[in-house]
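When you line the sequence shown up against the working numbering, it's residues 606 to 797, in that order. Each residue gets a CB set at the ideal place from its N, CA and C atoms; glycine is no exception. On a predicted model such as this, the values are computed, not experimentally measured, just so you know. Everything below concerns the one structure shown next.
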Amino acid sequence: MRLVLLGAPGSGKGTQAARLKDHLQVPHISTGDLLRAEVAAGSPLGLQAKEVMARGELVSDAILLGMLEDRFSRADTRGGFILDGYPRNLAQADALDALLGRIGQPMDYAVQLEVPVELLVERIAGRAKAEGRADDSPESVRTRLRVYDEQTAPVVDFYRRHGQLTVVDGVGSLDEVFNRIVEAIAPEKAVG
Ligand code: B4P
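Quick look at the structure:
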């Protein structure tokens, strides 16, 4: 199963990917998590990414592609993967398509989690209180939502044109959304 999760910040990509990973037995690759690990380690890449992320903007395409190539060179991705947070613009979508073509692992599904903007803001505000992530401040959230509309939303059409897009309603409990995704992409593995 080779799957990419699409959706605005707060739509539940990271949350659902963590569950799908256990259910489908494939690794979860989150570019946000990879970047946060670099920031926490204080690496040169992390130092470059830190301020950009805190502002809610996109880290450079070159850095992301290098990170992704590195991750896909590891053996655990050969049996499939769940990608979360990448691609975030059309250049990244093209780069990913080329990379997966080179390694002979074309994408099976792109799942778009649809959530109204008021609910996105509410969810992120909840996480801001619980976890204190630097990019969950109101100003950064506004930037992230704008960047999503301007740069990431066109990626949905990219996968629609390629016939790989499945749209899933992202409103509901974690279990409800999870079950909808599994039913859409792997009905034989649906629970209940
Ligand atoms: P990400 O880590 O990808 O952050 P995100 O888009 O906000 O989504 P996330 O997965 O964390 O949240 P989720 O919707 O699951 O990116 C962070 C930053 O890294 C970017 O802004 C950018 O700077 C940089 N970056 C990452 N990838 C990049 C790329 N490809 N190119 C350039 N830069 C890149 O969940 C949000 C909240 O909602 C959680 O608190 C969760 O508990 C809650 N929630 C989820 N589902 C729910 C439900 N059904 N009901 C109630 N609450 C729910």
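Supposed contact pair residue j and residue i - C-beta distance, whole angstroms, cut 8 Å
i: GLY612; j: VAL720; result: 7 Å
Cα-Cα separation, residue i to residue j
i: ARG766; j: ALA654; result: 32 Å
i: HIS633; j: ASP689; result: 7 Å
i: LEU704; j: GLY684; result: 16 Å
i: TYR753; j: ARG693; result: 8 Å
i: VAL631; j: PRO614; result: 23 Å
i: ASP700; j: ASP666; result: In the sequence under discussion, the amino acid at residue 700 is Ala, which differs from the Asp named in the question. Taking the straight line from one Cα to the other gives about 9 Å.
i: GLU662; j: ARG749; result: 6 Å
beta-carbon residue i near the ligand B4P non-hydrogen atom, thresh 6 Å
i: VAL664; result: yes
i: MET606; result: no
i: MET672; result: no
i: ARG728; result: yes
i: MET658; result: yes
i: TYR691; result: yes
i: PRO632; result: no
i: PRO614; result: yes
i: THR798; result: This structure cannot settle anything about residue 798, because the visible part of the chain is limited to 606 through 797.
Residue burial classification, residue i (beta-carbon count within 10 angstroms, cutoff 16)
i: ARG785; result: buried
i: ALA698; result: buried
i: GLU643; result: buried
i: ILE687; result: buried
i: SER678; result: exposed
i: GLY706; result: exposed
Which residues DSSP lists as bridging residue i, in chain order
i: LEU610; result: ASP689, VAL716
Within-7 Å CB hit, residue i to chain D
i: LEU725; result: The chain inventory of the structure shown lacks chain D, comprising one protein chain alone.
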